[in-house]
Amino acid sequence: MNWRGNALRFCEVSGLPVLEPFVRLAAGEDPKEQFVGIAKFVILPFFAILLFLGLWSLAAKSIVTDSGKLPSPTATWLAGKELFAMHTAQKAADQGKKQEKVVEAVRFLADAKKLERRAESANAADKKVLLANALVMKQRAVQSVNYIPTSAPTFVDQIYTSLKTVFFGFVLATLIAVPIGVLCGMSPWFNAAWTPFIQVFKPVSPLAWLPLAAVVIIWLYSGVDPATIILDDIFGIPVGQVKAFLISAATVSLCSLWPTLVNTTLGVASVDKDFLNVAKVLRLSWSQKLFKIILPASLPLMFAGLRISLGVGWMVLIAADMLAQNPGLGKFVWDEFQNGSSLTYARIAFSVIIIGMIGLVLDRIMICLRNMVSFGNPAPG
Amino acid sequence: MPFVSRPVRSHSSGFALLLVSVFAGCSSNQITLEDLEAAADKLAVEDAAKAEPAVESGAAVPAESAVAAFLDVEKPKLKFGFIKLTDCAPLVIAKEKGYFSDEGLSVEVEAQSNWKVLLDRVIDGQLDGAHMLAGQPIGATIGFGTPAPIITAYSLDYNGNGITVSNEIWAQMQENDPELRKPQPKHPITADSLKPIVESYKQKGKEFNMGMVFPVSTHNYEIRYWLASAGIHPGFYNATNIQGTIDADVILSVTPPPQMPSTLEAGTILGYCVGEPWNQQAVVKGIGVPVTTNYDIWKNNPEKVFGVTEGWNERYPNTHIAVVKALIRAGKWLDEKDADGKLVNRQEACEILSRKDYVGADVDVIDNSMTGTFVFQKTDVRPMPDFNVFFDHQASYPHYSDCIWFLTQMRRWGQITEPKPASWYAETAKKVYKPAIYRKAAEMLVAEGKLESEEFPAADYDGYRPASADFIDGNTYDAKDPIAYINSFTIGNKEDTVLVKE
């Protein structure tokens, strides 16, 4: 009984109602009823996907222009498999290169030592040059041994970069939107001051924000020594890409903070009056009122906003990547489009599917988080 | 130095085990100098046991008293930008063939979406340097477009562009000129047969749109040259009209190179001037016909350069020399010929360039123009060994006269809005083109025995290619008299002859 309850609760909180009939079936509940559930959540979607693939194949046969054609599902699948194979091959090659570089480093150092030995017996003028040369060789040895592959990012690398960017931008947006939203919700005066900004900036497309974000980020970083940039340590962003990364992330933030802001305001403003009266009776301080009453009560709506924000952020990121030249899925799609090779459209179709599936997973994660803070009122899937 | 390129792999057999034993003791994952020294000492013992003669004595460092100093590279990790065009080849080849790593450089090359983004990223330091249109450093330095001091010490290639028109316009050109109906019409094809078509568009009040890739690109000046030599006005620029459409019969607009074929197919433009492989893409897909190449417009015309900011060059002078050394070797590799004059490395270059992170077009599209032939139509495949020149004819040297040609065209079409004296042209060329860096790199390569000194211009060469009439209209270009050259065109701004003496 207990495992059944837990499993059902898991299905509910994780936003995976698909699993529910299976759990009930395993628990020995009426099979007939469960098969209806399975038919609805598993078999029907399965046939819908089959139908979609069929229609897609038909469309692929007829949609052909001089400069390209719609790829078939098979071509898309093969292109995807190839992309992953290319990733594996690239990583193996990079590894081999690294080993080669270590061998090379030892050779450089041996050469440096030979130069030093020669310097010992050389005249003063030669000695200086020989020692300088030995130093150059030593530096190169250290460089070689700490070699970081310079191959272009693979498809899988691009996925990671995109995820990093969207999370960074999303966290930034949350840190800005939640405090402002709480203040707006608590004070109608503050809210009135903010409303014009929210109304004007909310509908702006990422493409319009991007150049402005770029100017601000580049200004922030002008004259900054690359060695002092800490982001590359935290997120594994190569030093040269920090600016592009921040430009994309800032664009994601600017576009995705509005749903969180608006929902937080609404959540805080609509806290049950009874709760607030209780707070008055108990003479709670301002901070106690905020942390014990207002925030917990407004969490479900706040998370509903965060869920929309993350979805918007993911959508915006692809466009921002394309424009900011930030390595990521958007740049992958754009580069492929520019390639104009016979594989271009199949690869783009495959990345469209991957982008969609990642979006789905991100959405499920947010539903799960929301359900965990909503005190038994799960959101509709 | 020679021992840099000496194959280290020959030693690698015994190494793997040796290294594992040495590095197993490392506490951090960063290997330090001490760890290496331990390994190198073991290697020295191994070498002694094999009784190998001292390898580098005499070979690496000349025995004379003047020992050649190694380049102390200030910035070993570099990132260069490029646009998906076959003439980015020297950058790609220098990376893939290990010429950069021979100089101790670890280089990443990254495709950029368009020329404006590429230039901005070089200026704000996100890129160390880039594959640039020859006009970009010049335009940036004199303040047309984004102003910034950009210099170049290496010219990436000569030629390599073509002008393509849509199938429909080609059919109309064939009606106007029966010669063009032949499977292999006489070349060069001028814009004479295009003129009546442009005129009929004008009468109907329709715009005749053509694409080029950037306001200061070679393509812009070439398509203007080609149109104007047949009396078609491509339009003037002035201080307020920066689209260059004053008095225009043909409206030229900017389209990024890889988008040219699809924009042509969409009918937004009726023809374009672009680098390869985007003319061949139109041939292979059957959406347009290349009518002429820039080799016919001007034989051995400068095309792309390797550009960096002046500040970058000041901070990393040795790095710049090392980069140019690697590029020179890459250019030479690309132009390597066998005894019959056949380009031997181009097929391999096409294969490398067709990878998705470089040019990315199909290999059969790229090799249509890279391997010594050019496909005009499926019936018309011509040998054009000089369609892409990377090193021969001193193509990689930054000639002042090449810079001045761009300046004359900028003045001809009004991008330079004020009249300038002849001396200004020479001074500006000296500001942008830096043959001294190229010379230094060349000297080092000669000293290392990688190239011969005869492969470079003579020591007393002043950077001005001899006056030449190898243009489609037979006009003579003498870089030492830019004012007279500007005045020699029927269509174009005219200068006061007083300026010649200033």
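One line per chain: the protein sequences are A and B, in this order.
Numbering of the first sequence is given in my numbering, commencing with residue 329 and proceeding in unit increments.
Numbering of the second sequence is given in my numbering, commencing with residue 2 and proceeding in unit increments.
Glycine included, each C-beta is placed from N, C-alpha and C at the ideal position.
Since the model is a prediction, treat every value here as computed from it, not as a measurement.
Residue 220 of chain B: member of the alpha helix (DSSP H) spanning 219-229, first to last residue. In this structure, the alpha-carbon of residue 340 of chain B lies about 49 Å from that of residue 238 of chain B. Interface with chain B (8 Å Cβ-Cβ cutoff): residue 668 of chain A is included. Taking residue 461 of chain B as reference, the option from B/445, B/440, B/479 and B/476 with the minimal CA-CA separation is B/440.
Along the region 101-113 of chain B, going in chain order, the ones with a CB nearer than 8 Å to a CB of chain A are 105, 107, 108, 109, 110, 111, 112 and 113. In this model, residue 113 of chain B and residue 646 of chain A are separated by some 16 Å (Cα to Cα).
Between residue 430 of chain B and residue 402 of chain B, the alpha-carbon positions lie close to 8 Å from each other. By a beta-carbon distance limit of 8 Å, residue 219 of chain B does not contact residue 141 of chain B. Their separation comes to about 15 Å.
Rounded to whole angstroms, the gap between the alpha carbons of residue 366 of chain A and residue 82 of chain B is 53 Å. For residue 296 of chain B, the enclosing alpha helix (DSSP H) stretches over residues 295-298. With a 10 Å radius around the Cβ and a threshold of 16 neighbouring Cβ atoms, residue 591 of chain A comes out buried. Assignment of residue 378 of chain B by DSSP, reduced to helix, strand and coil, places it in the strand class. Contact of residue 580 of chain A with chain B by beta-carbon distance below 7 Å is absent, the smallest such distance being about 19 Å. About 7 Å separates the beta carbons of residue 86 of chain B and residue 277 of chain B, which is inside the 8 Å limit, making them a contact pair. Residue 589 of chain A and residue 498 of chain A have their alpha carbons spaced roughly 12 Å apart. Per the Cβ contact rule, the region 148-168 of chain B is in contact with the region 274-291 of chain B (3 or more Cβ pairs under 8 Å). Listed along chain A are 457, 460 and 461, each with a C-beta nearer than 7 Å to that of residue 70 of chain B.
The contact set of residue 478 of chain A on chain B, defined by CB atoms closer than 7 Å, consists of 107, 108 and 109 in chain order.
Looking only at B/265, B/120 and B/289, the smallest Cα-Cα distance to residue 146 of chain B is reached by B/120. Per the C-alpha coordinates, the member of A/343, A/331 and A/333 positioned closest to residue 699 of chain A is A/343. Only residues of its own chain outside the window of five on either side were considered, and among them 107 have a CB closer than 6 Å to the CB of residue 78 of chain B, listed in chain order. For the pair residue 100 of chain B and residue 327 of chain B, the CB atoms are nearer than the 8 Å cut-off. Between the region 461-478 of chain A and the region 425-440 of chain A, the count of Cβ pairs shorter than 8 Å is three or higher; the stretches touch. Every beta strand (DSSP E) of 3 residues or more that sits fully in the region 367-455 of chain B is shown, in chain order, as 374-378 and 381-384.
In this structure, DSSP gives residue 574 of chain A a helical state, which the three-state scheme calls helix. Apart from the 5 residues on each side of it in sequence, residue 88 of chain B sits with its Cβ closer than 7 Å to the Cβ of 157, 158, 161, 276, 304, 305 and 389 in its chain, given in chain order. Close CB contacts of residue 339 of chain A within its chain, under the 7 Å cut and outside five residues either way in sequence, are with 345, 347, 348 and 351 (chain order). Rounded to the nearest angstrom, the gap between the Cα atoms of residue 184 of chain B and residue 384 of chain B is 15 Å. In the DSSP annotation of this structure, the continuous segment of the alpha helix (DSSP H) that includes residue 95 of chain B starts and ends at 90-97.
Annotated three-state conformation of residue 166 of chain B is strand, per DSSP.
Take residue 346 of chain B, set aside five residues on each side of it, and the residues of its chain with a beta-carbon closer than 7 Å to its own are 334, 335 and 337, in chain order. For chain B, the residues of the region 668-682 of chain A that bring a beta carbon within less than 7 Å of one of its beta carbons are 668, 669 and 670, in chain order.
Residue nearest to residue 296 of chain B within the set B/434, B/365, B/313 and B/373 is B/373 (criterion: CA-CA distance). Taking a cut-off of 8 Å on C-beta distances, the region 452-462 of chain A does not touch the region 593-604 of chain A, as fewer than three cross pairs fall below it. Within chain A, no residue has its beta carbon less than 9 Å from that of residue 396 of chain B; the closest one is some 26 Å off. At least one beta carbon of chain A lies nearer than 8 Å to the beta carbon of residue 77 of chain B.
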